[in-house]
Structures are given as structure tokens and as C-alpha cells.
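When we follow UniProt numbering, the leftmost residue of the sequence shown carries the number 1, and every step to the right adds one.
Ideal placement from N, C-alpha and C gives every residue a C-beta, glycine not left out.
Values in this document were obtained by computation on a predicted structure and should not be read as measured data.
Some notes on the structure that comes next.
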Amino acid sequence: LVPINKGNSHWILGCIDNKAKEICVYDSLSGYGKQEAPILLQYMQKEAERLNIKCPEYKLTPSKKCPRQSNGFDCGMFVCTNSFMLSDDQELAFSQQDIPDMRIHIVSKLVQNK
1 LVPINKGNSH WILGCIDNKA KEICVYDSLS GYGKQEAPIL LQYMQKEAER LNIKCPEYKL
61 TPSKKCPRQS NGFDCGMFVC TNSFMLSDDQ ELAFSQQDIP DMRIHIVSKL VQNK
């Protein structure tokens, strides 16, 4: 999981799935990802070269379907929530209305050091 900042104004989430051999980008505002997915692929290719291993063939999915934010300031929370859910193999089944509860959930996890 790779948080990506777009021009100091928006956060999106890159995901390199080595099991599925897929590189994708989650954007809660939509519209980003076409540039970022190939950059993530280049990173993986350079790392494979550095480690002297063969880089697998990855499917690029520049704009993966995900919940959409309805304001201009919760992109960071969407990146965090998507990250938590994806890392726990959960479906991205939440909405803008769930963000206040997710803030509490994330603070709780941070305070508990989990």
C-alpha cells in the first residue's frame, strides 16, 4: 500500500498486489491514477533489477473502484480507511457518512498501538 500525494492537494492510494500480480490506484475523488500506476510498476521493475530477480508481469488498473468522498477534505481519511480494509482483506464497503466513526476507530488503533 502506497499513499500518494497529488500536488499537495489530494491523497490517493496505490496498491501493489504481488499475489494477484496487479498494480492499482484507489482515488476517492476519481480522475487520478493513469500516471501513478505506471510509476509504481517502474518502481517494482527497478527493485527487481536491484535485487537481481525477475520482475513479474503486472496488470495495471489505474482507477480501481472505491467509495467516493463528497467533500474536498476527507481524502486522507479515505486513503487510511481503504488501507485498513484492504490490509484486512475486507470489501471497501463504506461511505462518506462512515468517516466520523472511522476517525474514532483509527485514533483508537493508534492509541492502542495496533
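Span of the beta strand (DSSP E) holding residue i?
| i | result |
| --- | --- |
| S63 | K59 to K64 |
| Y26 | E22 to Y26 |
| P3 | V2 to K6 |
Using three-state DSSP, classify residue i as helix, strand or coil.
| i | result |
| --- | --- |
| E91 | coil |
| residue 121 | The requested residue 121 is not part of the displayed model; the chain covers only 1 to 114. |
At which residues does the alpha helix (DSSP H) containing residue i begin and terminate?
| i | result |
| --- | --- |
| Q42 | E36 to R50 |
| L110 | I99 to V111 |
Which whole-angstrom value is the C-beta distance of residue i and residue j, which I expect to be below 8 Å?
| i | j | result |
| --- | --- | --- |
| Y26 | N82 | 5 Å |
| F84 | P67 | Not a contact, Cβ separation roughly 13 Å. |
Under the rule that 16 or more other beta-carbon atoms within 10 Å means buried, what is residue i, buried or exposed?
| i | result |
| --- | --- |
| C15 | buried |
| C55 | exposed |
| K59 | exposed |
| A37 | buried |
| Q97 | exposed |
| K46 | exposed |
| L110 | exposed |
| V107 | exposed |
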